[in-house]
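Taking it in order: structure first as structure tokens, then the write-up.
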Amino acid sequence: MATDKPRNSGDSIVINGARQNNLKNLSFSLPTGKLIVITGVSGSGKSTLAFDTIYAEGQRRYVETFSAYARQFLDRMDKPAVDSIQGIPPAIAIDQSNPVRTSRSTVGTMTELNDYLKLAFARLAVLHCPQCERIVRKDSAQSIVADLQSRLQPNQRLNVCLPIKVPHNFSEEEVVQLLGQQGYTRIQARDGDTVEAVQDRLRFNEDNRDRLGEALEVAMHHGNGRVVVYPISETDRDDVGAPLRYSSHHHCPDCDIEFAEPQPSLFSFNSPIGACAECKGFGRIIGVDFGLVIPDENKTLAEGAVKPWQTPSFKECQTDLMKFARKRDVPTNVPWRDLNQDQQEWVLEGEGSSDDGLWYGVRGYFNWLETKAYKM
Numbered sequence: 261m262a263t264d265k266p267r268n269s270g271d272s273i274v275i276n277g278a279r280q281n282n283l284k285n286l287s288f289s290l291p292t293g294k295l296i297v298i299t300g301v302s303g304s305g306k307s308t309l310a311f312d313t314i315y316a317e318g319q320r321r322y323v324e325t326f327s328a329y330a331r332q333f334l335d336r337m338d339k340p341a342v343d344s345i346q347g348i349p350p351a352i353a354i355d356q357s358n359p360v361r362t363s364r365s366t367v368g369t370m371t372e373l374n375d376y377l378k379l380a381f382a383r384l385a386v387l388h389c390p391q392c393e394r395i396v397r398k399d400s401a402q403s404i405v406a407d408l409q410s411r412l413q414p415n416q417r418l419n420v421c422l423p424i425k426v427p428h429n430f431s432e433e434e435v436v437q438l439l440g441q442q443g444y445t446r447i448q449a450r451d452g453d454t455v456e457a458v459q460d461r462l463r464f465n466e467d468n469r470d471r472l473g474e475a476l477e478v479a480m481h482h483g484n485g486r487v488v489v490y491p492i493s494e495t496d497r498d499d500v501g502a503p504l505r506y507s508s509h510h511h512c513p514d515c516d517i518e519f520a521e522p523q524p525s526l527f528s529f530n531s532p533i534g535a536c537a538e539c540k541g542f543g544r545i546i547g548v549d550f551g552l553v554i555p556d557e558n559k560t561l562a563e564g565a566v567k568p569w570q571t572p573s574f575k576e577c578q579t580d581l582m583k584f585a586r587k588r589d590v591p592t593n594v595p596w597r598d599l600n601q602d603q604q605e606w607v608l609e610g611e612g613s614s615d616d617g618l619w620y621g622v623r624g625y626f627n628w629l630e631t632k633a634y635k636m
């Protein structure tokens, strides 16, 4: 469809009478310095306009600026069927191509964008504990002091404690006795298999800031990177507030959960560390459609109702089915549709592992097949 010829405003690409391929004497202008999207139905001439007309003319003019000697080493496109193109700058084109056709190749891997995303997640992501939703970070004496300053009132009484796990081959009293021999005579709390010994008691103020930092460092050193701070009431030293727990490891001190250090491979589907445990990073899993496994419900088990087991490769599974069915009094000469629900479920789901000498079922057969799939 022809339109009025637009005037060249100096900051536009003006095309007059484009007739390349299926373009019908098209005239229009495109502003330069803008991001332009060409859309339309299939066969409307989008690629012809972008690649065979605009890019072809821009590339042809650019190549003509080189010497005759240099032009012989460059690919040149044919002049497009167009009356005139004005204001076109040198052009480059990025073609859609996929030279590596694997099930793991994606837009992210082809453009290497995935590498930057992995690094960004590993360096910039903030980990939250999935149980208490607390931000998990490595604490230091300085960061703990800053956090206490934002939480507590000035001159607050504090007990700085170090938590000690009771080993399985020691009793709690033996651990308390060993702590007493090292000078830790005050026990703040006993919680399950953990004993919390008092490292220092002090007031939280500027005069004791260095003393508090030193107490925190010593407590974390002897407490395997963990420290607990208890606010104490001014009037009653037995009135203890909620404990404030910290850890110098990648660990949630409240839920006592250790986390792996963030690294790019944790966010990569191409790595066994970061890949989904279910699909192994392929984005798909083997599912069982029992309608395809047993396509003809008029067949009996003896006639081969379970279709995958009628090949020479898996004839042994059919033999196992007949053997176990006789032991469990499951009819083998009755059409599949006439078996009751329990009998059908026994055939499909099995009763246990073949390693234990039990019937593994159709489900167990496909689970075994999946173990033979590609592993990273």
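Following the numbering used here, the numbering of the sequence shown begins with 261 at its first residue and continues without gaps. Positions of the beta carbon are idealized from the N, C-alpha and C atoms, including for glycine.
State buried or exposed for residue i, treating a residue as buried only when at least 16 other CB atoms are found within 10 Å of its CB.
{"i": "Gln-413", "result": "exposed"}
{"i": "Thr-495", "result": "exposed"}
{"i": "Met-370", "result": "exposed"}
{"i": "Asn-276", "result": "buried"}
{"i": "Gly-303", "result": "exposed"}
{"i": "Gln-391", "result": "exposed"}
{"i": "Leu-418", "result": "buried"}
{"i": "His-511", "result": "buried"}
{"i": "Lys-284", "result": "exposed"}
{"i": "Gln-409", "result": "exposed"}
{"i": "Leu-552", "result": "exposed"}
{"i": "Tyr-329", "result": "exposed"}
{"i": "Ala-262", "result": "Because the pLDDT at Ala-262 is just 43, under 50, the model does not fix this residue reliably, and the point stays unresolved."}
{"i": "Tyr-376", "result": "exposed"}
{"i": "Leu-309", "result": "buried"}
{"i": "Gly-440", "result": "exposed"}
{"i": "Leu-295", "result": "exposed"}
{"i": "Lys-339", "result": "exposed"}
{"i": "Leu-286", "result": "buried"}
{"i": "Glu-317", "result": "buried"}
Please name the residue, chosen from the options, that lies closest to residue i on a Cα-to-Cα basis.
{"i": "Asn-465", "options": "Asn-415, Ile-447, Glu-494 and Arg-486", "result": "Asn-415"}
{"i": "Phe-584", "options": "Tyr-315, Ala-562 and Ile-298", "result": "Ala-562"}
{"i": "Asn-281", "options": "Phe-326, Phe-311, Thr-299 and Met-582", "result": "Phe-311"}
{"i": "Ser-528", "options": "Gly-543, Cys-515, Phe-519 and Asp-514", "result": "Gly-543"}
{"i": "Tyr-315", "options": "Pro-349, Lys-587, Glu-456 and Lys-284", "result": "Pro-349"}
{"i": "Arg-588", "options": "Lys-567, Gly-610 and Asp-598", "result": "Gly-610"}
{"i": "Gly-541", "options": "Ala-278, Asn-285, Thr-308 and Thr-366", "result": "Thr-366"}
{"i": "Ile-492", "options": "Gln-448, Gly-305 and Ser-531", "result": "Gln-448"}
{"i": "Pro-291", "options": "Ala-278, Ile-273 and Thr-299", "result": "Ile-273"}
{"i": "Phe-550", "options": "Cys-536, Ala-565, Glu-538 and Ala-457", "result": "Ala-565"}
{"i": "Trp-619", "options": "Ala-330, Thr-579 and Ile-352", "result": "Thr-579"}
{"i": "Leu-422", "options": "Arg-446, Ala-537, Arg-411 and Val-590", "result": "Arg-446"}
{"i": "Ala-520", "options": "Val-426, Asp-343 and His-388", "result": "His-388"}
{"i": "Met-337", "options": "Glu-538, Val-323, Lys-306 and Arg-463", "result": "Val-323"}
{"i": "Leu-608", "options": "Arg-461, Val-590, Gly-621 and Leu-438", "result": "Gly-621"}
{"i": "Ser-573", "options": "Pro-340, Leu-629 and Ile-395", "result": "Leu-629"}
{"i": "Gln-346", "options": "Arg-321, Phe-326, Ile-354 and Ala-353", "result": "Arg-321"}
{"i": "Asn-627", "options": "Tyr-444, Ser-287 and Glu-538", "result": "Glu-538"}
{"i": "Val-342", "options": "Arg-279, Lys-306 and Val-297", "result": "Arg-279"}
From residue i to residue j, what does the alpha carbon distance come to, in whole angstroms?
{"i": "Gln-459", "j": "Pro-522", "result": "32 Å"}
{"i": "Ile-424", "j": "Trp-606", "result": "52 Å"}
{"i": "Val-643", "j": "Gly-534", "result": "Nothing about residue 643 can be reported from this structure: the residues present for the chain run from 261 to 636 only."}
{"i": "Asp-393", "j": "Asp-556", "result": "At residue 393 the sequence reads Glu, which differs from the Asp that was named. So the alpha carbons of these two residues sit roughly 52 Å apart."}
{"i": "Gly-368", "j": "Pro-568", "result": "38 Å"}
{"i": "Val-487", "j": "Arg-397", "result": "14 Å"}
{"i": "Ser-613", "j": "Thr-571", "result": "23 Å"}
{"i": "Gly-485", "j": "Thr-454", "result": "14 Å"}
{"i": "Gly-617", "j": "Ala-401", "result": "59 Å"}
{"i": "Asp-602", "j": "Met-582", "result": "17 Å"}
{"i": "Gly-483", "j": "Asn-530", "result": "38 Å"}
{"i": "Lys-632", "j": "Leu-599", "result": "32 Å"}
{"i": "Thr-299", "j": "Ser-289", "result": "16 Å"}
{"i": "Arg-471", "j": "Pro-524", "result": "39 Å"}
{"i": "Gly-452", "j": "Gly-624", "result": "42 Å"}
{"i": "Val-489", "j": "Gln-437", "result": "22 Å"}
{"i": "Gly-547", "j": "Trp-596", "result": "22 Å"}
{"i": "Asp-516", "j": "His-509", "result": "11 Å"}
{"i": "Asn-643", "j": "Lys-575", "result": "Residue 643 is absent from the model: the chain starts at 261 and stops at 636."}
{"i": "Lys-265", "j": "Asp-335", "result": "Below a pLDDT of 50, predicted positions are generally treated as unreliable, and Lys-265, at 48, falls in that range; no measurement from the model is reported."}
{"i": "Leu-476", "j": "Arg-469", "result": "11 Å"}
{"i": "Tyr-444", "j": "Ala-457", "result": "6 Å"}
{"i": "Arg-267", "j": "Asn-374", "result": "Its pLDDT being 48, under 50, Arg-267 is placed unreliably by the model, and nothing is read from it."}
Using a threshold of 7 Å, is the CB atom of residue i nearer than that to any non-hydrogen atom of the ligand PLP?
{"i": "His-511", "result": "Among the components of this structure there are no ligands whatsoever, and the ligand PLP is therefore not found."}
Contact criterion: CB-CB distance below 8 Å. Does residue i meet it with respect to chain C?
{"i": "Arg-471", "result": "Structure shown: chain C not included; a single protein chain is present."}
The region 368 to 388 / the region 498 to 506 touching (three or more Cβ pairs under 8 Å): no
Complete alpha helix (DSSP H) runs within the region 305 to 382 (minimum length 4 residues, chain order): 316 to 324, 328 to 331 and 367 to 370
Inter-stretch contact at 8 Å, needing at least 3 Cβ pairs: the region 400 to 408 / the region 431 to 439: no
4 or more residues per run - each alpha helix (DSSP H) lying fully within the region 371 to 442: 373 to 384, 401 to 411 and 432 to 441
4 or more residues per run - each alpha helix (DSSP H) lying fully within the region 500 to 556: Within the region 500 to 556, the runs of alpha helix (DSSP H) at least 4 residues long that lie entirely inside it are, in chain order, 550 to 553.
4-residue-minimum alpha helix (DSSP H) runs that sit fully inside the region 548 to 605, ordered along the chain: 550 to 553 and 575 to 587
Length-filtered (3 minimum) beta strand (DSSP E) runs lying within the region 467 to 492: 486 to 492
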